[in-house]
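Worksheet for the structure shown next.
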Amino acid sequence: MKKNKLITPGNLLIAQPFMDDSHFMRAVIGICEHDNKEGSMGFILNKPINMKLNELLPDIESDEDFKVYYGGPVTTNSLHYIHNVGDLLEDSIKIGRQLYWGGDFEKLKFLINSQLIKAHNIRFYIGYSGWSVGQLESELKLGTWIVSDWYANYTFKVKSSALWKEALINKGDKYSVIGQMPPPTNHN
Numbered sequence: 327m328k329k330n331k332l333i334t335p336g337n338l339l340i341a342q343p344f345m346d347d348s349h350f351m352r353a354v355i356g357i358c359e360h361d362n363k364e365g366s367m368g369f370i371l372n373k374p375i376n377m378k379l380n381e382l383l384p385d386i387e388s389d390e391d392f393k394v395y396y397g398g399p400v401t402t403n404s405l406h407y408i409h410n411v412g413d414l415l416e417d418s419i420k421i422g423r424q425l426y427w428g429g430d431f432e433k434l435k436f437l438i439n440s441q442l443i444k445a446h447n448i449r450f451y452i453g454y455s456g457w458s459v460g461q462l463e464s465e466l467k468l469g470t471w472i473v474s475d476w477y478a479n480y481t482f483k484v485k486s487s488a489l490w491k492e493a494l495i496n497k498g499d500k501y502s503v504i505g506q507m508p509p510p511t512n513h514n
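First residue of the sequence shown? That's 327 in this note's numbering, and the numbers climb one at a time after it.
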């Protein structure tokens with residue numbers, strides 16, 4: 327039996343095509359933390375919500391169209407961000423090539439209002455996806471997720487409606503066939 331790939335920050339979890347959990351159906355999750363003693367967390371990258379950043383943060387004065395996404399069902403009263411501006415935002419955590427998580431929030435607001443961070447540099451997430459110690463490994467053994475690499479283009483350039491399909495096609499082999507499967511239909 328093939329051993330599951332070790333999960334690390336910078337990996338993607340791609341939902342299997344028949345997952346029927348409404349939170350994770352056709353979800354693509356970027357992993358930001360994975361620790362055998364603390365658990366795992368990440369953000370659903372492809373579920374935009376009908377909300378703009380300045381609706382959440384009235385002190386954002388930019389005219390940029392900063393989109394907000396549903397990051398997952400845990401702590402849905404929290405705001406997180408993934409960006410590609412690296413050290414421009416102190417206290418950011420590097421999670422991959424041109425992928426950073428968090429950073430100094432007050433400086434972030436200043437950089438946005440100064441137009442030094444634009445909408446194409448950052449994505450915002452309400453809530454997050456989390457797993458307790460060993461939970462993600464169990465789900466991987468059950469075949470719930472397909473593990474892949476997280477490329478910055480998946481976050482900043484690919485349309486969220488096409489991300490699940492594109493990530494599978496880019497993985498190649500049998501996954502490109504899975505990516506062509508139409509969404510499930512509900513006959514109730």
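We put the beta carbon where it would ideally sit given N, CA and C, even for glycine.
Since the model is a prediction, treat every value here as computed from it, not as a measurement.
- Query: Going along the chain, which residues of its own chain have a beta-carbon closer than 7 Å to the beta-carbon of I375, five neighbours each way excluded?
  - Reply: V394, Y395, Y396 and I452
- Please work out which residues of its chain come closer than 6 Å, Cβ to Cβ, to K420, disregarding the five sequence neighbours upstream and downstream, and give them in chain order. Y426
- Using 10 angstroms around the beta-carbon of F344, count the other beta-carbons present and answer buried if the total reaches 16, otherwise exposed. exposed
- Query: With V473 and I333 assumed to form a contact (beta carbons below 8 Å), what rounded beta-carbon distance in angstroms separates them?
  - Reply: 7 Å
- Query: Cα separation between I443 and L437?
  - Reply: 6 Å
- Item | H513, DSSP secondary structure in three states | Here the model assigns H513 a pLDDT of 45, short of 50, so the residue's position is not dependable and the matter cannot be decided.
- Query: Below 8 Å, can you find three or more Cβ-Cβ pairs linking the region 380-393 to the region 490-504?
  - Reply: Touching, no.
- Task: Measure from the alpha carbon of P399 to the alpha carbon of each residue in I355, S388, A478 and N362, then state which is nearest.
- Result: I355
- Message: I'd like the list of long-range same chain contacts for N330, defined as Cβ closer than 6 Å, with 5 residues on each side in sequence excluded.
- Response: Low confidence applies to N330: its pLDDT is 42, below 50, so where it sits in the model is not reliable, and the reading given next is rough at best. Closer than 6 Å at the Cβ level, and outside the excluded window around N330, lie L466.
- Message: Output needed for M367: all residues of its chain with C-beta closer than 7 Å, excluding positions within five of it in sequence on either side, in chain order.
- Response: Setting aside the 5 residues that flank it on each side, M367 is surrounded in the same chain by C358, E359, Y454, S455 and G456, each with a C-beta closer than 7 Å to its C-beta; the list follows chain order.
- Does the beta-carbon distance from E516 to A445 come in below 7 Å? Given a span of 327 to 514 for the chain in the structure shown, any question on residue 516 remains unanswerable.
- In three-state terms, what does DSSP make of L371? Note: L371 maps to coil in three-state DSSP.
- Query: Excluding sequence positions up to five away, which residues of its chain have a Cβ less than 7 Å from the Cβ of M351?
  - Reply: A341 and M345
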